[in-house]
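Q: Sharing a structure, written as structure tokens. Questions coming.
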Amino acid sequence: MQRRVIFDDKLLPYLLLFPQVAVTLVFFIWPALQAVWQSTQLQDVFGLSTQFVWFENYTAVLTDPGYVGSIRVTAIFAASVTGLSMGLALLFAVMADANIRGREAYQALLIWPYALAPAVAAVLWLFIFHPQIGMVGRTLNQAGVPWDYKLNNGQALSLVILASAWKQVSYNFIFFLAALQSIPKSVIEAAAIDGAGPRRRFFTIQFPLIAPTSFFLLIVNVTYAFFDTFGVIHALTQGGPGTATSTLIYNVYKAGMVAQDLGGSAAQSVILMAFVIALTAVQFRFVERRVHYG
Amino acid sequence: MATIDIRSVRKSYAQTEVIKGIDCAIADGEFLVMLGPSGCGKSTLLRMVAGLEPITKGEIAIGGRVVNDLEPKDRNIAMVFQNYALYPHMSVYENMAYGLKIKGMPKAEIDAAVKEAARILELGPFLDRKPRQLSGGQRQRVAMGRAIVRKPQVFLFDEPLSNLDAKLRTQMRVEIKRLQSQLAVTSLYVTHDQVEAMTLADRIMVMNAGVAEQVGTPLEVYRRPASTFVAGFIGAPAMNFMPGRMGADGRSVGVDGGLSFTLAEGAAAAGRPVTLGVRPEHLHPANEIPDATTIALRVELVEALGADTVVHGRIEGTSGPILARLPGTARVAIGDVLPLAPAPGELHLFDAETGRRMAA
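Which chain is which? The protein sequence lines are A and B, in order.
Numbering that gives the first Met the number 0 puts the first sequence at residues 0 to 293.
Numbering that gives the first Met the number 0 puts the second sequence at residues 0 to 359.
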């Protein structure tokens, strides 16, 4: 017999909610407020004196030509990582959706990269593309193609983009595959009988029907590119050469941890947070309108 | 307009054979219904005609052209699916226009074709709606519309009415019949519902376990079922079967329980084990039929349906239940012993081993 449990206690719901709310408050809200507060402070290097400086940190950051350059790098980086990881994942998912034999193995293999820590993933790419000890890097140099991501800006940026996108492909793949498989088979068959070939079916039937998933992934991937790629960049290029791979999130680290400018670092992270919130709002406002929810 | 020829078609999945060699020629404009229980292979056969399943062995020709290796789009067919399979993100208009657009038909012609189909199917007010805003019956009509705008050589229906409620099903059945006879397009229709089969079909193919048990007009299939399977599947309530043996004269059958029935036609070697069949509606009160063997039926259950009364009972000394369909006016109570007799010429004789019909 099944028994339905009803709690009369008024306190219990709050008690059950408490752990989640506590985690959110302690690890998200509180640090965010702390950052906002800190961004208005000027502290000396030894942390002995602190001064309230209003928005001085912000003006300093926004007038710094290095910071403006970093916005450019970040835009290229985020757009490339999102485009590359979503594009590849969609391609793989379409292939896995059609392929029958060995499908499970293929799917499992595609999911593995997601289980790797960013730093480990970066080291892996480093061992492949290192100009002296990396397999691909050495081969390129021997073949007369000058390859050194530690000297060449474009090569450095390409490498961090590749590594970051590669890491995200698995995640996107799972979502795309699930979305594709949720389309009723008979709808695809009806389109086939209506005369649409595989390409046409994809663009007129499958792609529009997985739009809600694509939209969700767009937001997740843009956020990933902005925030979660620090590990990959730090392990591969440390933001270099020069500032070629210093994205906004990497600059936050450099300003705070390397330059010990806590106020400036906090101001940068607040700007970054505001920027991503704004970007997500824009996506919801303009992209979501074109999404058809089944 | 086209004929369909199914020649020794077989279908296997790995080691399992699901279609075990089917032959059938469907005439131009004919409405053929494939009828059978679930898992008999009827949908698989239809999907092979559509090109959605590869053909393991044999040939299928549409309009005289072998289509085994043709893509569905090159077969000039249209299909209506059980779950309608409408494109959820497109309006009713776009759903119907999709195939025409792919063909590259000019916009004005597409518009005329869609409007005409909408008029026939009374879909005019819904052209701008999305499928999810329509009722089941309306969706079904859109699926039909999508099929007819393309003016295909062949219509394929895969249980198109089984997701509808009983009333709507009756209504759509009539509409499909009307449309098909108007357009005179060769049609294949899969169903497990014998009423649909009997009412729609020019001919019925009764299928069982990957084999076509019988192909014939609805009345042929009902009057002269080719096997015990067909006899039991067509007609409700199902035909009564009595195991027995041919008598010494080769014309009478002695069944378990000591009764002996004389056949109007057909014969077999004396002593051969046979199955005798009689439909519940062909058992009448014995006093109405002179010179017939009388069955004494002990009544166990009475279903009064209004127009008919279905009596479930047993012949003394036998185990199998016997059903009789009597007029609704019949007064019957549980425990009565009814004297019943089969109508002349309504006895069916089947081989006990093969289940095939024996009477010529």
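For glycine and all other residues, C-beta sits at the position ideal for the given N, C-alpha and C.
No experiment lies behind these values; they were computed from the predicted model shown.
What's the C-alpha gap between G306 (chain B) and P338 (chain B)?
A: Checking the displayed sequence, the identity of residue 306 (chain B) turns out to be Ala instead of Gly. Rounded to whole angstroms, A306 (chain B) to P338 (chain B) spans 21 Å at the Cα level.
Q: Hey, is E287 (chain A)'s beta-carbon within less than 7 Å of any beta-carbon in chain B?
A: No, E287 (chain A) does not count as interfacial toward chain B.
Q: Hey, quick one: how far does the beta strand (DSSP E) through F240 (chain B) stretch, first residue to last?
A: Counting along the chain, the beta strand (DSSP E) containing F240 (chain B) begins and ends at N239 to M245.
Q: At which residues does the alpha helix (DSSP H) containing G270 (chain B) begin and terminate?
A: No alpha helix (DSSP H) contains G270 (chain B), which DSSP labels as neither H nor E.
Q: For the alpha helix (DSSP H) containing R128 (chain B), list its first residue and its last residue.
A: Note, R128 (chain B): premise wrong, no alpha helix (DSSP H); not H, not E.
Q: Which residue from B:N207, B:P242, B:P236 and B:A235 puts its Cα closest to that of A225 (chain B)?
A: Here the closest residue by C-alpha is B:N207.
Q: Give me the Cα-Cα distance between D260 (chain A) and W146 (chain A), rounded to the nearest whole angstrom.
A: So the two alpha carbons sit approximately 35 Å from each other.
Q: State the beta-bridge partners of H347 (chain B) as determined by DSSP.
A: Bridge partners of H347 (chain B): B:G276.
Q: Considering just the uninterrupted stretch of the alpha helix (DSSP H) at S163 (chain A), what are its terminal residues?
A: Run containing S163 (chain A): N152 to Q180, per the alpha helix (DSSP H) assignment.
Q: Can you tell me whether R9 (chain B) is helix, strand or coil according to DSSP?
A: Correct three-state label for R9 (chain B): strand.
Q: For the region 40 to 60 of chain B, which residues have a beta carbon sitting closer than 9 Å to at least one beta carbon of chain A?
A: Listed by position, the residues of the region 40 to 60 of chain B near chain A (Cβ gap below 9 Å) are R46, A49, G50 and L51.
Q: Secondary structure at R330 (chain B), three-state DSSP: helix, strand or coil?
A: Three-state DSSP puts R330 (chain B) in coil, outside helix and strand.
Q: At 4 residues or longer, what runs of the alpha helix (DSSP H) sit wholly inside the region 184 to 247 of chain A?
A: Segments of the alpha helix (DSSP H) lying fully in the region 184 to 247 of chain A: 184 to 192, 197 to 200, 210 to 226 and 229 to 235.
Q: Leaving aside the five residues before and after F228 (chain B) along the sequence, list all residues of the same chain whose C-beta is less than 6 Å from its C-beta, in chain order.
A: Cβ neighbours of F228 (chain B) beyond the five flanking positions: N207 and E212.
Q: Could you tell me the boundaries of the beta strand (DSSP E) in which K56 (chain B) lies?
A: Taken as a continuous stretch (DSSP letters only), the beta strand (DSSP E) holding K56 (chain B) covers K56 to I61.
Q: From the DSSP output, read off the bridge partner residues of G312 (chain B).
A: The partner list for G312 (chain B) (beta bridge, DSSP) reads B:V298 and B:I321.
Q: Could you name the residues of the region 83 to 103 of chain B whose beta carbon sits closer than 7 Å to any beta carbon of chain A, in the order they occur along the chain?
A: Listed by position, the residues of the region 83 to 103 of chain B near chain A (Cβ gap below 7 Å) are A84, Y86, P87, H88, Y97, G98, I101 and K102.
Q: Under the DSSP definition of a beta bridge, which residues are partnered with M204 (chain B)?
A: DSSP output for M204 (chain B) lists B:M33 and B:V214 as bridge partner(s).
Q: Can you tell me the Cα-Cα spacing of A95 (chain A) and V66 (chain B), whole angstroms?
A: Each residue's Cα considered, the two are about 28 Å apart.
Q: Check for me: the beta strand (DSSP E) holding Q50 (chain A) runs from which residue to which?
A: Start and end: T49 to F51.
Q: For M78 (chain B), decide whether its Cβ has a neighbour in chain A, counting only Cβ atoms nearer than 7 Å.
A: Chain A, which has a Cβ nearer than 7 Å to the Cβ of M78 (chain B), makes this yes.
Q: Spatial neighbours of M0 (chain A) within its chain, please: C-beta separation below 8 Å, excluding the five flanking residues on both sides.
A: Reliability fails at M0 (chain A), whose pLDDT of 48 lies under 50, so the model's placement of it is uncertain and no value is given.
Q: Comparing alpha-carbon positions, which option in B:F125, B:R149 and B:E121 lies nearest Y97 (chain B)?
A: Selected option, being the one with the closest Cα: B:R149.
Q: What are the residues that DSSP puts in a beta bridge with G263 (chain A)?
A: According to DSSP, which records beta bridges pairwise, G263 (chain A) is partnered with nothing at all.
Q: L122 (chain B): which of B:R140, B:P130, B:L44 and B:L296 sits nearest, CA to CA?
A: When only C-alpha atoms are compared, the closest one is B:R140.
Q: For a test of the three-state rule: what should DSSP assign to K166 (chain B), helix, strand or coil?
A: Reduced to three states, the DSSP call for K166 (chain B) is helix.
Q: Indicate whether L346 (chain B) and T292 (chain B) have their beta-carbon atoms separated by less than 7 Å.
A: Cβ atoms of L346 (chain B) and T292 (chain B): not closer than 7 Å.
Q: Whose C-alpha, out of B:Q170, B:I59, B:A13 and B:R74, is nearest the C-alpha of G20 (chain B)?
A: Residue B:I59 is the option with its Cα nearest to G20 (chain B).
Q: Is there a C-beta anywhere in chain A that falls below 7 Å from the one on Y12 (chain B)?
A: Output row for Y12 (chain B): interface = no.
Q: P117 (chain A) lies in the alpha helix (DSSP H); which residues open and close that run?
A: Counting along the chain, the alpha helix (DSSP H) containing P117 (chain A) begins and ends at P117 to F128.
Q: Does any C-beta atom of chain A lie closer than 7 Å to the C-beta of P71 (chain B)?
A: At least one chain A Cβ lies under 7 Å of P71 (chain B).
Q: Would you kindly check if the distance between the Cβ of L41 (chain A) and the Cβ of Q50 (chain A) is under 7 Å?
A: Yes, they are a contact pair.
Q: Please go through the same chain and pick out, in chain order, the residues whose beta-carbon is closer than 8 Å to the beta-carbon of L161 (chain A), but skip the five residues on each side of it.
A: Contacts found: L83 and W124.
Q: A359 (chain B) by DSSP, collapsed to three states: which one?
A: Since pLDDT at A359 (chain B) reaches only 44, below the 50 mark, its modelled position is unreliable, and the value read off the structure follows with that caveat. Coil.
Q: From what residue to what residue does the beta strand (DSSP E) around F154 (chain B) run?
A: V153 to D157 is the span of the beta strand (DSSP E), which, as asked, contains F154 (chain B).
Q: Measuring CB atoms only, is the region 52 to 71 of chain A touching the region 138 to 158 of chain A, in the sense that at least three cross pairs come out at less than 8 Å?
A: No, they do not touch.
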